[in-house]
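Scroll down for the structure; my scribbles are underneath it.
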Amino acid sequence: MCESRNYLDWNGKWNVLIYIWLMISILDIRSSSAEQVKWDAMCPSNCTCKLDNLKSNCFQRQMKIVNCSSTGLSNFPVNVSMETEVLILSSNNIKKLDINKKLKKLQYLDASNNKIHVIYHLEKLSRLKTLDLHKNSLIYIQNGCFSGMKYLSTLDLSDNNLHAIEKHAFGGLNGLQRLYLDSNKLYFLEKQWFIGMPSLRIFHFSRNFLPKIENNTFENMQNLIEIKLIHNKIQRIEKNAFHGLTELSMLDLSSNKISHISHQHLQQMKNLKVLRLDDNPIYKIHNGSFHSLNIKMLSLRYMPKLVIQKAFFNVPLLKTLYLHNNRLVAISEKIKRSLPSLRNLHIYNNPLRCDCNALWVKQELAKEQATNYVSILVDDSVLICDSPKEYSRMLLKQLPVSVFHSECAARTIPLFNSSYNINIGEEMRLECHSIGIPDPEIIWILPNGTTLQGSVKLDRYEVINNCTLAVRHIRTSDGGVFKCKANNTHGYDISNTSVTVSNMPIHIYTSSISADFVTIGWNGTSYWSMVSDYQIQCRDTHQSSLSYQIIHLRPFSNHYSYTFKNLKPQTTYEFCIDHHVAIYASGITRINSKLVAGVCTTFFMTCALCCGVAIAKKFKKRKDYLDPTAEEKGDFLPQIPLENLNNPPSTPLCSSRTALISAESNS
Numbered sequence: 001m002c003e004s005r006n007y008l009d010w011n012g013k014w015n016v017l018i019y020i021w022l023m024i025s026i027l028d029i030r031s032s033s034a035e036q037v038k039w040d041a042m043c044p045s046n047c048t049c050k051l052d053n054l055k056s057n058c059f060q061r062q063m064k065i066v067n068c069s070s071t072g073l074s075n076f077p078v079n080v081s082m083e084t085e086v087l088i089l090s091s092n093n094i095k096k097l098d099i100n101k102k103l104k105k106l107q108y109l110d111a112s113n114n115k116i117h118v119i120y121h122l123e124k125l126s127r128l129k130t131l132d133l134h135k136n137s138l139i140y141i142q143n144g145c146f147s148g149m150k151y152l153s154t155l156d157l158s159d160n161n162l163h164a165i166e167k168h169a170f171g172g173l174n175g176l177q178r179l180y181l182d183s184n185k186l187y188f189l190e191k192q193w194f195i196g197m198p199s200l201r202i203f204h205f206s207r208n209f210l211p212k213i214e215n216n217t218f219e220n221m222q223n224l225i226e227i228k229l230i231h232n233k234i235q236r237i238e239k240n241a242f243h244g245l246t247e248l249s250m251l252d253l254s255s256n257k258i259s260h261i262s263h264q265h266l267q268q269m270k271n272l273k274v275l276r277l278d279d280n281p282i283y284k285i286h287n288g289s290f291h292s293l294n295i296k297m298l299s300l301r302y303m304p305k306l307v308i309q310k311a312f313f314n315v316p317l318l319k320t321l322y323l324h325n326n327r328l329v330a331i332s333e334k335i336k337r338s339l340p341s342l343r344n345l346h347i348y349n350n351p352l353r354c355d356c357n358a359l360w361v362k363q364e365l366a367k368e369q370a371t372n373y374v375s376i377l378v379d380d381s382v383l384i385c386d387s388p389k390e391y392s393r394m395l396l397k398q399l400p401v402s403v404f405h406s407e408c409a410a411r412t413i414p415l416f417n418s419s420y421n422i423n424i425g426e427e428m429r430l431e432c433h434s435i436g437i438p439d440p441e442i443i444w445i446l447p448n449g450t451t452l453q454g455s456v457k458l459d460r461y462e463v464i465n466n467c468t469l470a471v472r473h474i475r476t477s478d479g480g481v482f483k484c485k486a487n488n489t490h491g492y493d494i495s496n497t498s499v500t501v502s503n504m505p506i507h508i509y510t511s512s513i514s515a516d517f518v519t520i521g522w523n524g525t526s527y528w529s530m531v532s533d534y535q536i537q538c539r540d541t542h543q544s545s546l547s548y549q550i551i552h553l554r555p556f557s558n559h560y561s562y563t564f565k566n567l568k569p570q571t572t573y574e575f576c577i578d579h580h581v582a583i584y585a586s587g588i589t590r591i592n593s594k595l596v597a598g599v600c601t602t603f604f605m606t607c608a609l610c611c612g613v614a615i616a617k618k619f620k621k622r623k624d625y626l627d628p629t630a631e632e633k634g635d636f637l638p639q640i641p642l643e644n645l646n647n648p649p650s651t652p653l654c655s656s657r658t659a660l661i662s663a664e665s666n667s
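Shown next, in the form of C-alpha cells:
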C-alpha cells in the first residue's frame, strides 16, 4: 500500500507539471497574438504586416515582415516601422531607392523587379544582411555606394543594365559572402572590386560581355568557393588568371568562346571539385590538361568542334565525366584504366565508329547484360553507331560481339578545313590525328610530293608532335594540295586540303593629281612582320624599254604616300608596290664569345654610319616625300586622271607585284 501510494503521489505531481506547462504555452500564444496585433497596427497602407518565418536559408526564425509587393508603389514607403526586420517591395514602379529614415533592425530588403536607376542613403540600413535589387534599371555603381553596410552578406544586382562599376564600389563590404552580377552589360572584371570583400564565397557573373580573364583577377579571393562565368564572350584566359583561388570548389565557364584549356590555367585551384566547360569551341582535350587535380565532376558537353579526346591520366578522384553531344568518333579504352574512381561516363550522341575502336565499349555493355556488373557507361540506350555504313544508325548494344575485330584499318581525323587562302609571308598550321589498331602513323604529303613523318624539321616545314604540320614564311610556290595519310598494317586513309597563297592585301590610291605630278598613297604594309623591304616603282608605259624608277621604303615607315613630280602630259604611267619576304636562317649551334664581340662592334659601327648617311639624305631629299606646295600646284585642276584604279592592267613587269595602277593625262 505504501509503494502504491507513493506511485500515485508521483503521478499526481506529473499531472501538475503538465498542467503548468500547458498554461505557460497558452500565455506565450496570447502574448504572441497580442504582439502581432500591435505590429499590424503600424502597417503601411496597402501592405501586409505579420510575424512569420522568412523563406530563406539565411533566416531560420520568426521575423517582423512588411510585405508591400505589387501594390503600385512609386517611392520608398514613408511610414515603415522602426521595428521592421524584413521589407518586401518587389514588383512595383519605384524609380529611386531613397531610404528616408534609419531602419536599424532591417535585415532583409527585397526591391527586385522595379525600375530603380538611382540608389541613395543605403548607409541608413546599417544592419542589413540581404539586399535584392535584381531586375531593375541600374546603369552605374559608383564608389562608396554600399558604404557602412558591414553586415551585408548577400547582394543581388543581376538582371540590370549595368555598364560600369567603379573600382571601389564595393568598398566596406567586409562581410559580403554572395555577389550576383548576372545578366548585365559589363565588359570587364576589375580586381579592385574584390579588395573590399575578403569574405566573398560565391560570385556569379554570367550573361555579360567579358572577353578575357586577366592575370591575378582573383588573387585576393582566397575564400571563394564558387564562380560562374556562363554565357560571356571569353576567348582568352591568361596564364595566372585563377591565381589565389586556393579554396575554389566549383568553376563554370560554359557557353563562351574558349578554344583551349591548359593545365597551367587550372593547376593553382587545388581544391577544385566541379569544372564545367560545356558549349565552347574546344576541338581537342590534351593529355595532361587535368593532371593531378582533385576534380570529381568534369563536364565537356555540347562542343561542336570536339573531335579528339586523349586519355585523362592522373585525375584520381574523377567520378563523373560528361563527354556527350560532341563529335568524338572514338573513345579511348585507356580512359577507363586511367581513371580509378570513374563511376559515370556519358558518351552518347557522338558519331561513334563501331569497329575495333569501339570493341571495349561493346564488351562493357555485354558484361553488364550477362552479369550483375555495373557499367560506367550511362544511357547505353542512345549509344548509336554512325559508321561504318552497314551499322549506321544502329544501337551499339544490339550488334553482336562477333562483328567487332580486335584490330582494324587506320582512319584519319583531320582538324583542318577543305581549303585555305593564305597570305604570302604568313605561317600555316594543319593538324591531323588518326584512329585504328595497331596505332597508325601519320605521313604528310606536300604539294610537290615530298613526304614528312614523325617529328621532323625540313627548311620551312616542321612536323610537331607527329600530328601538326607547320609551314613558315609561306610562298606562292607552297600552294597546292596538302595530304594527311594515316597508315597501319590493315590499311590507310587520306584526308587533304587545298591551299591557295595570295599576295598581300595592299591597296594603292591617289590623294592628289595635277598637270605634272601625282601623289599616291597605300595601306596594308604595316601589318606584315615578314616583309623586309618595300619598293614603289614607276614607269612610262609609252617607252617599253624604260626601266622602272625605284623608291625604297622601310616596311614600318610612317610615310604612306609619295609624290612623283615632273610627269609628262599625255602619258600613261604605271605604279606598283613590290615587296620582299624576309627569311630567317637558323643553324648556329656553338657561339664563340670573341665572335659575338666582333659582331656587336661591327653592328654598332654600321648603325652609326647608317645614321649619318640617313641624316644627310633626309635634308637632301626631304621634299620628295612631301606633297607639292600651293605654288607648285598653282591653279591647275586635276588633269591626270588614273585609269584602271580598281582593275590594274596585267603586264609582265608587274604581274607578281601586290598592286598596280596607271595614270594618263588628258590635257
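Residues in the sequence shown are numbered consecutively from 1, following UniProt numbering.
Note that CB positions come from ideal geometry on N, CA and C, so glycine has one too.
Please read all numbers here as calculations on a predicted model, not as lab measurements.
Item, Value
"Which two residues bound the contiguous alpha helix (DSSP H) that contains V361?", "L359 to A370"
"Which same chain residues end up closer than 7 Å to N466 when comparing Cβ atoms and leaving out the 5 residues on each side of it in sequence?", "I442, G454 and S455"
"Since E238 and E219 should fall inside the 8 Å C-beta cutoff, what is the C-beta to C-beta distance between them, to a whole number of angstroms?", "In fact, because the Cβ distance is near 12 Å, the residues do not count as touching under 8 Å."
"Indicate whether D540 and T500 have their beta-carbon atoms separated by less than 7 Å.", "no"
"How long is the line joining the alpha carbons of A311 and F290, rounded to whole angstroms?", "10 Å"
"Please list, in chain order, all residues of the same chain as L162 whose beta carbon is under 8 Å from its beta carbon, the five residues on each side excluded.", "L138, I139, Y140, I141, L181, N184, K185 and L186"
"In the DSSP assignment, what are the bridge partners of R539?", "E574"
"Can you check the region 390-464 for any beta strand (DSSP E) of at least 3 residues that lies completely inside it and give the ranges in chain order?", "408-414, 419-423, 428-437, 441-445, 451-453 and 461-464"
"For L266, I'd like the list of residues in its chain whose CB is within less than 8 Å of its CB, leaving aside the five on either flank, ordered along the chain.", "F242, L272, L275, S289, F290 and L293"
"Tell me which residue opens and which closes the alpha helix (DSSP H) that H473 is part of.", "Looking at the DSSP string, H473 is not in any alpha helix (DSSP H), and its letter there is neither H nor E."
"When you compare each of N496, K362 and I384 to F416 by their alpha carbons, which one comes out closest?", "N496"
"Which same chain residues, not among the five before or five after S262, have their C-beta less than 8 Å away from its C-beta?", "H286 and S289"
"On the criterion of 16 or more Cβ atoms from any shown chain inside 10 Å, does G489 qualify as buried, or is it exposed?", "Sequence check: residue 489 is Thr here, not Gly. With fewer than 16 Cβ atoms within 10 Å of its Cβ, T489 is classed as exposed."
"Among the residues of its own chain, which have a CB less than 6 Å from the CB of M325, if the five just before and after it don't count?", "Note that residue 325 corresponds to Asn in the displayed sequence, not to Met. R301, Y302 and N349."
"Note down, in chain order, each residue of its chain lying with its Cβ closer than 7 Å to the Cβ of N100, except the 5 sequence neighbours on either side.", "F76 and V78"
"If you compare alpha carbons, which of D478, N423 and G436 is closest to P447?", "D478"
"How many Å lie between L317 and K336 at the Cα?", "13 Å"
"Output the boundary residues of the beta strand (DSSP E) element that contains R337.", "That residue, R337, is in no beta strand (DSSP E); its alpha helix (DSSP H) goes K334 to R337."
"If I'm right that L365 touches A358 with Cβ under 8 Å, what's the distance once you round it to whole angstroms?", "The pair is not a contact, with the Cβ atoms about 10 Å apart (cut-off 8 Å)."
"What residues are listed by DSSP as bridge partners for R236?", "K212"
"Closest to I295 by CA distance: which of L383, L342, A164 and K64 is it?", "L342"
"Can you tell me which residues form a DSSP beta bridge with E226?", "I202 and M250"
"Who does H260 pair with in a DSSP beta bridge?", "Answer by DSSP bridge pairing: none, since H260 is not bridged."
"Which partner residues does T497 have in the DSSP bridge list?", "F482"
"Which residues does DSSP list as the beta-bridge partners of Y548?", "Bridge partners of Y548: none, in fact."
"In or out: E390 buried (at least 16 other Cβ within 10 Å) or exposed?", "exposed"
"For L106 and L125, which I take to be in contact (beta-carbon distance under 8 Å), what is that distance rounded to the nearest angstrom?", "5 Å"
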